[in-house]
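Heads up, the thing below is written out as structure tokens.
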Amino acid sequence: TIGACTVHEHDAFRAFWPEHGGDLDVQLTIRRTREDEVEQAVLTLLGQELPTSGGEESCKTAVDELASIELRSASELTSVVQAIYTRALADPSHCEYYADVILGLGGRYPDFPSETEGGRPVTFTRVLLNTAQEEFERPRDSLDDDDEKAAGQERRLHSADDRLEMKGQKDKMLANM
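This is the structure:
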């Protein structure tokens, strides 16, 4: 209790309930990690530098700006790679641009020590390969369902929204290949 209010706290908000009536006062708190900030910076830079007529120059600019982001940990490196990879899957019409960006970033970020003793260092290339493998294996899990479940899903695909969602999943899988 603070003054004439009862305070209820949660990870994402703090609510002040007046004891003698009145309006509820709620304060929202958004907790962002360093990884969230790095990911947002990457997505912002990629959005600003999409190729128009000078594709090679915009790619070089994007690589230089992305490489200038200071990374302090392996998890931040993972955030960079996953943000670029996710963006490439979401925008297959610019996949060559994203591939050039990734190629240009190879060797531009520091290596980080492994979290396990005696393990290999965490490198840009290793994180990229792991991300691609995880994404490639993800759709296979859903496609390996038994025939009965697949038949039930086909019956469910009669609505336009379901067909559109399935097309989006197929497009994403093809972009990953």
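One gets my numbering by counting positions in the sequence shown from 1 and adding 75 to each.
Cβ atoms here follow ideal geometry from the backbone N, Cα and C, with glycine treated the same way.
Opening and closing residue of the alpha helix (DSSP H) in which residue i lies
i	result
Leu146	Run containing Leu146: none; DSSP gives neither H nor E here.
Glu110	Arg109 to Gln123
Tyr173	Cys170 to Leu180
Cβ neighbours of residue i in the same chain (closer than 6 Å, five flanking residues each side left out)
i	result
Thr153	Val202
Glu114	Ser154 and Ala158
Glu190	none
Val156	Val202, Leu203 and Thr206
Tyr160	Thr206
Asp216	Here Asp216 scores only 47 on pLDDT, less than 50, and its place in the model is too uncertain to base an answer on.
Same chain only: Cβ atoms within 7 Å of residue i, ignoring 5 sequence neighbours per side
i	result
Ala116	Ile144
Ser150	Glu110
Tyr173	Ile159, Arg162 and Ala163
Supposed close pair residue i, residue j - CB separation, criterion 8 Å
i	j	result
Asp186	Val197	7 Å
Ala137	Leu118	Actually they do not touch by this definition, with Cβ atoms about 12 Å apart.
Leu178	Phe199	Contact doesn't hold; Cβ gap of about 11 Å is too wide.
One or two residues paired with residue i in a DSSP bridge
i	result
Val155	For Val155, which the question treats as bridged, DSSP gives no partner whatsoever.
Phe187	Val197
Residues near residue i in its chain [Cβ-Cβ closer than 8 Å; skip 5 each side]
i	result
Arg195	Ser189 and Arg201
Lys242	none
Arg147	Arg109
Glu140	Leu120 and Glu124
Lys135	Gly179
Reduced DSSP category for residue i - H, G, I as helix; E, B as strand; rest coil
i	result
Arg106	coil
Glu192	coil
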